[in-house]
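Engineer:
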Amino acid sequence: MYPRRFFSHLCKSVISTRKKNKIIKLPRSKSQFHKEILKINYACCKKETDAINLQLKALVNCNLTIDYSNPNDASRLPYTAIQFFAGDCSFLHDDNQEWKTEITLSDEMFELIKNNSVPISEHAVNTFTSARKLDVYNYFSYQNYNLYQKNLNNVYDIDELKYLFGGAIDQTAHFRRVFKKILIDLKEISTLDIAKKGRYTYLLISNSASLLKKKERRKTNIIIETELKVTEDFKLKLEKEAKSTTLDVESACLYVAKRIQRSIENGGKPVENQHAYLRDVLNNPSWFYKEKQTIIKLTHQLQFKEYDELPKPARKKGFDDLVHRIKLTRINSVPIELQPVLEQLKTPGRDIIKNMPNFKYICYLFWAWNFGKRLDVGDDCKGEQLLLDLFKHLG
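Heads up: the sequence shown runs through residues 39 to 433, numbered per this note's numbering.
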């Protein structure tokens with residue numbers, strides 16, 4: 039049962055998050071792994087732990103072969119002796135080894151999960167403690183789905199069911215009793231309509247109530263708010279969660295606000311969840327690239343105006359300090375990539391670096407750098423970034 043719960047977690051990690059790599063995150067410790075993934079909410083004795091480790095070892099060492107009577111080039115690709123994991127995963131069942139917080143699926147298993155995803159009931163996975171019972175439930179749920187699409191029912195022979203689910207059961211009469219108990223338990227959590235028809239056959243009557251519903255991802259880019267309502271506390275929270283800069287968060291907010299305004303002008307609807315949409319925008323920096331460059335330019339314009347309005351003695355003091363540092367600093371004492379910049383400052387008559395800002399603007403940058411102002415630089419202002427880097431080395 040436990041390997042099925044683990045495999046269910048692997049499939050959910052790949053499908054629900056639309057992963058593009060084969061690395062699956064695991065809990066920070068084996069006890070948390072037992073609790074969160076295997077759904078074991080108690081301290082296991084040594085005998086139980088050994089049994090669980092034995093099952094996990096079987097999963098790690100398992101080689102899976104899949105064949106189809108009607109293969110194709112899409113989802114029905116045959117596989118021969120493929121492994122579930124890549125690399126050494128013995129830490130899953132060997133308590134003497136250090137626990138790892140991630141595991142890597144094999145290439146074949148990763149593609150198999152992506153191309154053949156079938157919805158299963160998470161409630162059934164967490165409720166059933168019998169692997170046989172879970173297999174029967176998943177099998178008939180999928181059969182019900184296929185039959186319902188074609189508006190059909192189907193009859194299953196007991197020998198066919200025994201071949202599928204009768205592992206370690208020799209006699210058909212014994213399997214019939216086991217299968218009867220399983221059907222009783224299935225009715226507690228499912229509306230599958232499986233009726234006994236005769237002594238050796240069962241009838242599955244397809245119905246819509248037993249279809250597993252796919253949970254659609256909530257759309258966050260539907261405009262339903264007339265104005266952006268994001269608090270400063272939430273902006274700080276976003277900076278910590280997404281590890282974004284203040285500039286990125288402000289740019290994303292500007293993008294969302296403009297998106298809302300454009301939608302209103304075109305007769306659109308308000309945003310359903312601004313916070314979730316803002317998170318989506320932050321994950322796609324190309325969306326708010328123009329807004330980011332605009333904020334950088336406006337910030338420098340405002341700060342330059344503030345510098346220009348300073349008393350003349352204050353600006354003269356900063357000017358003299360910068361000139362004095364430039365004269366004191368030797369060209370070969372700064373990093374090699376900054377030497378042309380320093381040489382340009384020492385000999386302003388020479389055209390060493392193209393598109394270098396004028397000296398008044400350089401003095402403004404030096405003032406902004408000294409007084410902890412915003413120093414973000416646009417992509418079209420490479421010279422400004424070189425100057426800011428040089429200020430750190432002027433002596």
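Ideal Cβ placement from N, Cα and C applies to all residues, glycine included.
1) Can you name the start and end residues of the beta strand (DSSP E) that E140 belongs to?
2) What does the Cβ neighbour count give for G410, buried or exposed, with the cut at 16 atoms within 10 Å?
3) Leaving out five residues before and five after C100 in sequence, what residues of the same chain have Cβ atoms less than 8 Å from its Cβ?
4) If you count every other CB in all the chains shown that lies within 10 Å of the CB of I333, and 16 or more means buried, which is it?
5) To the nearest angstrom, how far is it from the Cα of P386 to the Cα of E375?
6) Identify whether F409 lies in helix, strand or coil by the three-state DSSP scheme.
7) Compare the C-alpha of V361 against each of V193, K84 and K384 and name the closest.
8) Starting from Y175, trace the alpha helix (DSSP H) both ways and give me its first and last residue.
9) With respect to the alpha helix (DSSP H) encompassing A211, which residues constitute its N-terminal and C-terminal limits?
10) Please report how far the alpha carbon of H72 lies from the alpha carbon of M147, in whole angstroms.
11) Could you pull out every residue in the same chain whose Cβ sits closer than 6 Å to the Cβ of R256, ignoring the five residues on either side in sequence?
12) L336 to E329, Cα distance in whole Å?
13) Tell me which residue opens and which closes the alpha helix (DSSP H) that V193 is part of.
14) I want to know whether the stretch 317-326 touches the stretch 347-361 - three or more CB-CB distances under 8 Å.
15) Is it right to say D286 is buried, meaning 16 or more other beta carbons lie within 10 angstroms of its own, or is it exposed?
16) Any idea what DSSP makes of I262, helix, strand or coil?
17) So, at 7 Å on beta carbons, what are the nonlocal neighbours of K235 in its own chain, with the 5 sequence-adjacent residues on each side left out?
18) Is the Cβ-Cβ distance between T139 and L249 less than 7 Å?
19) Within this structure, are the beta carbons of C95 and H131 separated by less than 7 Å?
20) Can you check which of these residues, H431, P323 and A314, is closest to K365 by C-alpha distance?
21) Using the beta-carbon count (16 or more within 10 Å), is A290 buried or exposed?
22) To the nearest angstrom, how far is it from the Cα of F404 to the Cα of E149?
23) Do the stretch 200-210 and the stretch 84-92 touch if we need at least three Cβ pairs shorter than 8 Å?
24) For T269, name the three-state secondary structure that DSSP assigns.
25) On the DSSP bridge assignment, give the partners of Y399 in chain order.
26) My output table needs one value for Y40: the three-state DSSP class, helix, strand or coil.
27) How about I390 and Q377: are their beta carbons less than 7 Å apart?
28) By the three-class DSSP mapping on this structure, what secondary structure does Q423 have?
29) Which residue wins for smallest C-alpha separation from K398, given the options I75, D346 and K420?
30) By alpha-carbon positions, which one of P395, W137 and F429 ends up nearest to N408?
31) Per DSSP, what are the beta-bridge partners of F123 in this structure?
32) When burial is assigned at 16 or more other CB atoms within 10 Å of the CB, is G421 buried or exposed?
33) Between N184 and N176, what straight-line distance do the alpha-carbon atoms span, to the nearest angstrom?
34) At what residues does the alpha helix (DSSP H) containing K355 begin and finish?
35) For A119, is the classification buried or exposed, using 16 other Cβ atoms within 10 angstroms of its Cβ as the cut-off for buried?
36) Reducing DSSP to helix, strand and coil, say where A233 ends up.
Structural biologist: This is what the structure gives:
1) For E140, the enclosing beta strand (DSSP E) covers residues E140 to T142.
2) Looking at its Cβ environment, which holds fewer than 16 other Cβ atoms inside 10 Å, G410 is exposed.
3) Counting only Cβ-Cβ distances below 8 Å, and skipping sequence neighbours, we find Q121 and F122.
4) I333 comes out buried.
5) Distance between the alpha carbons of P386 and E375 is about 18 Å.
6) In the three-state reduction of the DSSP assignment, F409 falls in the coil class.
7) The shortest Cα separation from V361 among V193, K84 and K384 belongs to K384.
8) Run containing Y175: A169 to Q187, per the alpha helix (DSSP H) assignment.
9) T210 to I227 is the span of the alpha helix (DSSP H), which, as asked, contains A211.
10) Each residue's Cα considered, the two are about 23 Å apart.
11) Residue placement at R256 is poorly supported in this model, since its pLDDT is 49, which falls under 50; the coordinates still yield a value, given next. Cβ neighbours of R256 beyond the five flanking positions: none.
12) Straight-line measurement puts the Cα of E329 at about 10 Å from the Cα of L336.
13) No alpha helix (DSSP H) holds V193; the beta strand (DSSP E) holding it covers N191 to D195.
14) Fewer than three Cβ pairs drawn from the stretch 317-326 and the stretch 347-361 lie within less than 8 Å of each other, which leaves the two stretches out of contact.
15) When all chains shown are included, D286 counts as buried.
16) Unreliable placement is indicated for I262, whose pLDDT of 42 sits below 50; the coordinate value is still reported in the next sentence. If DSSP states are grouped into helix, strand and coil, I262 belongs with coil.
17) In chain order, V193 and L241 place their CB closer than 7 Å to the CB of K235, counting only its own chain and leaving out the 5 sequence neighbours on each side.
18) For T139 and L249, no; Cβs fall outside 7 Å.
19) For clarity, residue 95 is Lys in the given sequence; the question names Cys instead. Closer than 7 Å, so yes.
20) When the alpha-carbon of K365 is set against those of H431, P323 and A314, the nearest one is in H431.
21) A290 is buried by the Cβ-count criterion.
22) Those two C-alpha atoms are separated by around 55 Å.
23) Judged by Cβ distances under 8 Å, the stretch 200-210 makes no contact with the stretch 84-92, as fewer than three pairs qualify.
24) Annotated three-state conformation of T269 is coil, per DSSP.
25) For Y399, DSSP records no beta bridge to any residue.
26) In the structure shown, Y40 sits in a helix (DSSP, three-state: H, G or I).
27) Not closer than 7 Å, so no.
28) DSSP places Q423 within a helical segment (H, G or I) once states are collapsed to three.
29) Ranked by how close their Cα comes to the Cα of K398, the residues I75, D346 and K420 have D346 in first place.
30) Closest by alpha carbon: F429.
31) Checking the DSSP bridge columns, you'll see F123 partnered with L143.
32) When all chains shown are included, G421 counts as buried.
33) Their Cα atoms are separated by approximately 13 Å.
34) If you look at K355, you'll find it in the alpha helix (DSSP H) that goes K350 to L366.
35) The C-beta of A119 has fewer than 16 other C-beta atoms within 10 Å across all chains shown, which makes the residue exposed.
36) Strand.
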